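Asks: Residue numbers -19 to -1, 1 to 486, in mature numbering (1 follows the signal peptide of the UniProt record, and there is no 0), belong to the letters of the sequence shown in order.
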Amino acid sequence: MSARYFLSALLLGAAAASAGRSAQPRAMPPPGAVIYACTKPDMVALTFDDGPYQFTSGILDEFAKYNAKATFFLNGHNWGSMLDYKPTVQRMLAEGHQIGHHTWSHQDLATLTADAVLLEMTKLEVALIPIIGKFPTIMGALGYHVIHANIDTFDYNNQNTCLIRNSIEYFEDGLDRGGSIVLAHDVHKYTAENLVPAMLASLHRRNLRAVTVGECLGDPEANWYRGPRDGYVPPSTPIGGVDTVHGTCGGENDYDLSLLAVVMIESKFGHVPVVDRTAKVGGKGKKRASKREPNFSHVKLSLKHLTLASPRLNSMFSGPWLESTKQSDGLHLWETGDFFDPTAFVIVMNTIHGRNRCVPKTISLDELAKIAVIVDDLQCAEAMETMVDVWLRTTKYDETLPFGRDLILWLLVSQVFSLDSIFLATTRSIMLTSNGQLDNLGLPIRHDIIAEIETRKASMINQVINAVYSAANHWLQGKGNSIRPRSQTPILGFRPDAQELRPSW
C-alpha cells in the first residue's frame, strides 16, 4: 500500500462540531484517523488526485457510461488552475461525485508551518464557495478524515500506451487482495484514456459498484460538505495568502501592511484572459463595492512595496483619489475590480513582496498572459523580470505555432515584458499566417502594434502581387507582350524590401 504523499482531506461529518447543526448519524472513526478501506461490502472507491485538468471531463464521461461515482481530491493551483475549470468542478457535484480537499497548491505539508498549512487549506475553501457554494471542512479543531488508498495504481509513472498496462495490473491485483480505495490521478492522458475505462470495465465484470468514499464508508452525503449556509464565514485569508506575509512562506519581514486589497474571486477571466480597459485602476469618483460581498477576498499588502514597484499605484495612492485616504481602520483600500485574475494577482503580489517561495516556478502560457494583463495595468514589468526569466525556461515559445489564440497571448506577453526575440518571431508569424483583421481578444495589446502589423501584412501581400506580375511579364516578354500591375507603387507607402517590424518599448 502506498499512502498519499500529501494530505488528501475529505469532510465526513466533522463539520457538525461547530457549524451549529446536527450531522446525520454515522459510524465513522474520529477526525484525524487514517482511513484505508471501505466499510461497506461490494463497493470500491476510485479516487483521483491533483485535478481538475484537461483530462478530467473525459474521466467524467467514462463514469457516466457506467452510472458510476468517484471522489476527486482537488487542488486550487497545481497542473492547472481550478478557476479555469469551474464547469468541470460543478459537473462533478451535479453528477453525484464527491469532492475532497488536496490543498491549494500541492505543497509538502510536512515542510510548512502550522499557519502555512492552514493557509493551504483555507485558500481552496474560499475559492470553492463561488463555484459550488460549499467546501470540504477546514483544518484545525474541526478535524479531517484523512483518506489513504490500499490500491495505488502508480499511474504517474506509467504514462504511455505500454506502461499504463502496469497500472491496470496493479489495480486488478489490488482487487484480488481485497483492496477497496484506489488512488489515481486525473491529470494524466493515459489514465483518462486507458486506465479509467479498464478499471470501470473490471468492476462491472466483478459486480462491484464504483462509489464515492463517503458512500463506501456509510457516511450520509449531508456530512460531506459545509458552506455559508451552515453559519460559517470564510476567513479573510485571500486565495493567495499575502495577507499573512509574516511566516506564510518561511521567515518574517517587518512589512508595513497598510493596504487592504479587495480581490474578486469571480473575475471576468475565462479560458481567454480579458481585461476591461475602460475601468481604470483608481479612477476618480470610482464607485465602491461592498467590502464584504461573498465573492470578494481581502489581501493585506505593503503600500511601500507596491508604490515602489508600480508607477501607476504610486500615482493612485499619492493623488486626489479615494484610495489615497485611509479608512476608519487605518488601512488604505484598493478595490481591483473584476478584471484581474485572482490567482495571477496573488503571484504578482508575492513577487513584488519578495515572497519567492510562494511563487510557482513553472506556469502555463495562459497563466503568464493573465499575469501580463496585471503587470501591464500596474506598469510593474521591471519588478517581475527575474520570475519571467525563470518561467520562460519551461514555458517556451514555439516558432511553428499557427495563427490563433496562443500566438496572440505570446504577442501580449512579449509586449508587456519587452521580450524582443519573441516579439519579432510572433509578429512575423502573425503577418504570414493570419487571415482578416487581427483580433486582440480583448487583451491590452497596444493599438499601434496592431496597426503596424496590419500595415506590414498589407505590404507583404503587395510584394507578392508585384512578384507575380514581374514573373508574368518576364514570361510574356519573349512573346512581345507585357502586363502591368494596376499600381506601380507599393500600397500603404512601404517598399517591397521593407524591414521587419521592430519593437519600440
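Virtual Cβ for every residue (Gly too), placed ideally from N, Cα, C.
Everything numeric in this text was worked out from a predicted model, so none of it was measured.
Quick check: the Cα distance between K261 and W302, rounded to an integer number of angstroms?
Replies: Confidence in K261 is poor, its pLDDT being 34 and thus under 50, which makes the residue's placement too unreliable to answer from.
Asks: Taking N175 as the reference, which of C143, S402, N188 has the closest Cα?
Replies: It is C143.
Asks: Hey, is the segment 308 to 318 in contact with the segment 16 to 30, meaning 3+ C-beta pairs nearer than 8 Å?
Replies: No: fewer than three Cβ pairs fall under 8 Å.
Asks: Drop a sphere of 10 angstroms on the beta-carbon of H428, count the other beta-carbons inside from all chains shown, and report buried for 16 or more, exposed for fewer.
Replies: Exposed: under 16 other Cβ atoms inside 10 Å.
Asks: For I333, which residues from the same chain have a beta carbon less than 6 Å from its beta carbon, with the 5 sequence-adjacent residues on both sides left out?
Replies: Within the same chain, I333 has close Cβ partners H286, A290, A364.
Asks: To the nearest angstrom, report how far apart H83 and E316 are at their CA atoms.
Replies: Taking the straight line from one Cα to the other gives about 30 Å.
Asks: Where does G385 land, buried or exposed, given buried means 16+ other C-beta within 10 angstroms?
Replies: It is exposed - the Cβ of G385 has fewer than 16 other Cβ atoms within 10 Å.
Asks: Considering M73, what are the terminal residues of the alpha helix (DSSP H) in which it resides?
Replies: Unbroken alpha helix (DSSP H) run through M73: 67 to 75.
Asks: Quickly, what does DSSP pair I431 with across the bridge? List them, please.
Replies: In the DSSP output, where bridge partners are listed per residue, I431 has none listed.
Asks: Are the Cβ atoms of L394 and A353 separated by less than 8 Å?
Replies: Reading off the sequence, residue 394 comes out as Val, not Leu. Yes, they are a contact pair.
Asks: Could you check whether the segment 366 to 378 touches the segment 340 to 351, counting it as contact only if at least three pairs of C-beta atoms, one from each stretch, sit closer than 8 Å?
Replies: Flag = yes, the segment 366 to 378 and the segment 340 to 351 touch.
Asks: Between which two residues does the alpha helix (DSSP H) containing M330 stretch?
Replies: Unbroken alpha helix (DSSP H) run through M330: 323 to 333.
Asks: Where does D89 fall in DSSP's three states?
Replies: Here D89 sits in coil by DSSP.
Asks: Using alpha carbons as the reference points, say which of C339, I434, D23 lies closest to L198.
Replies: It is D23 whose Cα lies nearest to the Cα of L198.
Asks: List the endpoints of the continuous beta strand (DSSP E) containing V192.
Replies: First-last of the beta strand (DSSP E) with V192: 190 to 192.
Asks: Report yes if the CB atom of V327 is closer than 8 Å to the CB atom of I355, and no otherwise.
Replies: In this structure, I355 does not lie closer than 8 Å to V327 by Cβ.
Asks: Tell me H166's beta-bridge partners as DSSP assigns them.
Replies: D30.
Asks: Report the residue from H129, I128, D420, S148 whose alpha carbon sits nearest the alpha carbon of D136.
Replies: Nearest C-alpha to D136: S148.
Asks: If contacts are defined as beta-carbon pairs under 8 Å, then W205 and Q71 qualify, I think. What distance do you get, rounded to the angstrom?
Replies: Between Q71 and W205 the Cβ distance is about 16 Å, and since that is not below 8 Å, they are no contact.
Asks: Run through DSSP, which three-state label would G57 get?
Replies: In this structure, G57 counts as coil in the three-state DSSP scheme.
Asks: What number of angstroms, rounded off, separates the C-alpha of V369 from the C-alpha of F398?
Replies: Looking at the two C-alpha atoms, the distance is approximately 8 Å.
Asks: Buried or exposed for G300, please, with buried defined as at least 16 other CB atoms from any protein chain shown within 10 angstroms of its CB.
Replies: Classification for G300: exposed.
Asks: Suppose contacts are defined by Cβ-Cβ distances below 8 Å. Is A165 in contact with F36 by that definition?
Replies: No. Outside cutoff.
Asks: Flag this pair as touching only if the segment 39 to 54 and the segment 173 to 193 have three or more C-beta atom pairs under 8 Å; answer yes or no.
Replies: With a cut-off of 8 Å, the segment 173 to 193 and the segment 39 to 54 count as touching, because enough Cβ pairs lie within range.
Asks: Can you give me the Cβ contacts of E202 inside the same chain, cut-off strictly under 7 Å, excluding the 5 residues immediately before and after it?
Replies: Same-chain partners within the cutoff: G195.
Asks: What's the gap between the Cα of N56 and the Cα of L181?
Replies: Approximately 24 Å between the Cα atoms of the pair.
Asks: Tell whether a beta-carbon distance below 8 Å holds between Y17 and N131.
Replies: Yes, the pair counts as a contact, with Cβ atoms nearer than the cut-off.
Asks: Specify, as a first and last residue, the run of the beta strand (DSSP E) that G81 falls within.
Replies: Run containing G81: 79 to 82, per the beta strand (DSSP E) assignment.
Asks: So is H169 buried or exposed if we call it buried at 16+ other beta carbons inside 10 Å?
Replies: Looking at its Cβ environment, which holds 16 or more other Cβ atoms inside 10 Å, H169 is buried.
Asks: Is it true that the CB of D31 sits closer than 8 Å to the CB of H87?
Replies: Going by C-beta atoms, H87 is nearer than 8 Å to D31.
Asks: What does DSSP give as the partner residue(s) for I128 in the beta ladder?
Replies: Paired residue(s): I16.
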